[in-house]
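Chemist:
In this note's numbering, the protein residues as written are 5 to 301.
(1) With residue 245 as the anchor, note down where its beta strand (DSSP E) starts and where it stops.
(2) Could you tell me which whole alpha helix (DSSP H) segments of length 4 or greater appear in the stretch 201-275?
(3) Where does the unbroken beta strand (DSSP E) through residue 80 begin, and where does it stop?
(4) Given that a residue counts as buried once 16 or more other Cβ atoms are within 10 Å of its Cβ, and exposed if not, what is residue 385?
(5) Could you give the distance in angstroms between the alpha-carbon of residue 95 and the alpha-carbon of residue 237?
(6) Around the Cβ of residue 81, are there at least 16 other Cβ atoms within 10 angstroms (buried) or fewer (exposed)?
(7) Since residue 172 is in the beta strand (DSSP E), which residue starts that stretch and which ends it?
(8) Tell me whether residue 212 is buried or exposed, calling it buried when 16 or more other Cβ atoms sit within 10 Å of its Cβ.
(9) Out of 233, 280, 155, point me to the one whose CA is closest to residue 262's CA.
(10) Decide yes or no for the touch test of the stretch 137-150 against the stretch 100-116: beta carbon pairs closer than 8 Å, at least 3 of them.
(11) Looking at the structure shown, is residue 23 part of a helix, part of a strand, or coil, going by DSSP?
(12) Which first and last residues belong to the beta strand (DSSP E) in which residue 108 is found?
(13) What is the DSSP secondary structure of residue 144, reduced to helix, strand or coil?
(14) Measure the CB-CB distance between residue 46 and residue 177 and report whether it falls below 7 Å.
(15) Tell me whether residue 169 is buried or exposed, calling it buried when 16 or more other Cβ atoms sit within 10 Å of its Cβ.
(16) Taking the CB atoms as reference points, tell me whether residue 150 and residue 175 lie closer together than 7 Å.
(17) Helix, strand or coil for residue 61, going by three-state DSSP, please let me know.
(18) Suppose the cutoff is 8 Å on Cβ atoms and the five residues either side in sequence are ignored; what does the same chain contact list for residue 167 look like?
(19) Starting from residue 36, follow the alpha helix (DSSP H) in both directions and report where the run begins and ends.
(20) Output the distance between the C-alpha atoms of residue 2 and residue 293, rounded to the nearest integer angstrom.
(21) How far does the alpha helix (DSSP H) with residue 285 in it extend, from its first residue to its last?
(22) I'd like to know if the stretch 62-81 and the stretch 34-49 are in contact, where contact means that at least 3 CB-CB pairs between them fall below 8 Å.
(23) With residue 161 as the anchor, note down where its alpha helix (DSSP H) starts and where it stops.
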């Protein structure tokens with residue numbers, strides 16, 4: 005096997021095109037603002053944060069051989085991410101995400117992750133061909149996995165011997181894809197990172213608080229659930245009990261990528277030996293710093 009990375013980040017690696025305005029917006033608004041293009045995607049956002057904390061994350065995803073793909077892969081390397089294991093398709097274009105944010109939060113977003121979905125299990129070959137592991141000698145480190153993969157592939161991952169010994173950390177790519185995480189809920193595998201809306205979709209219910217939602221996810225079969233709720237209390241739940249804490253109050257200047265920053269900071273804290281309450285607190289601090297603009301994107 006090759007030099008083993010500190011953690012694998014599996015899922016979307018794409019270009020984020022974000023329009024931000026200081027104005028409150030509604031449907032049909034036409035306002036001045038700034039439009040940026042940055043490396044993004046849930047898996048890459050997590051990896052970039054992990055790299056900022058001093059880890060060497062490796063990306064398992066699909067990136068095209070088009071000019072955008074070459075530029076993206078180069079940018080990922082500069083950001084401290086290992087790109088050796090990317091599936092570089094000549095036939096599939098590099099994926100993109102587009103969002104509009106106003107002073108009142110996220111207005112709308114479209115995720116074009118079709119190439120990742122079409123690549124399917126090909127992005128996972130390094131875990132079975134001996135590069136990072138095999139079904140007989142599975143990868144034993146941490147894995148951050150996002151819900152941009154098809155539910156059929158996520159269901160295969162739950163049962164795949166190549167993942168049997170991995171520390172699985174799983175997040176949906178968006179509320180619209182939250183139900184793709186059902187295989188992990190049914191199997192009681194991994195740590196689920198969801199917000200209040202996503203928890204409701206997984207439980208087919210609605211909740212008023214993160215502790216309520218996290219407790220229900222455990223009741224439904226989750227091994228562990230970490231639920232956030234914007235500026236209200238977040239909760240880490242296991243069968244042994246709940247840990248809850250409110251995030252710091254900050255001026256919110258952006259929202260895209262906040263959940264990914266929270267998840268990455270939580271993983272880093274636990275890899276460094278933090279207990280559950282401390283890890284939750286550190287992750288909330290990191291997410292607050294991100295949304296306030298104190299951490300560069």
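Here a beta-carbon is modelled for each residue, glycine too, at the ideal position from N, C-alpha and C. Since the structure is predicted, the reported quantities are computational estimates derived from the model, not experimental observations.
Modeler: Let me lay it out:
(1) 245-249
(2) 214-223, 262-275
(3) From DSSP, residue 80 is part of no beta strand (DSSP E) but of the alpha helix (DSSP H) over 71-82.
(4) Not covered by the structure: residue 385. The range shown for the chain is 5 to 301.
(5) 45 Å
(6) exposed
(7) 171-175
(8) exposed
(9) 233
(10) no
(11) strand
(12) It is not in any beta strand (DSSP E) - residue 108 carries neither H nor E in the DSSP assignment.
(13) coil
(14) yes
(15) exposed
(16) yes
(17) strand
(18) 131, 142, 143, 147, 161
(19) From DSSP, residue 36 is part of no alpha helix (DSSP H); its letter is neither H nor E.
(20) Since the first and last residues shown for the chain are 5 and 301, residue 2 lies out of range.
(21) 280-295
(22) yes
(23) 155-163
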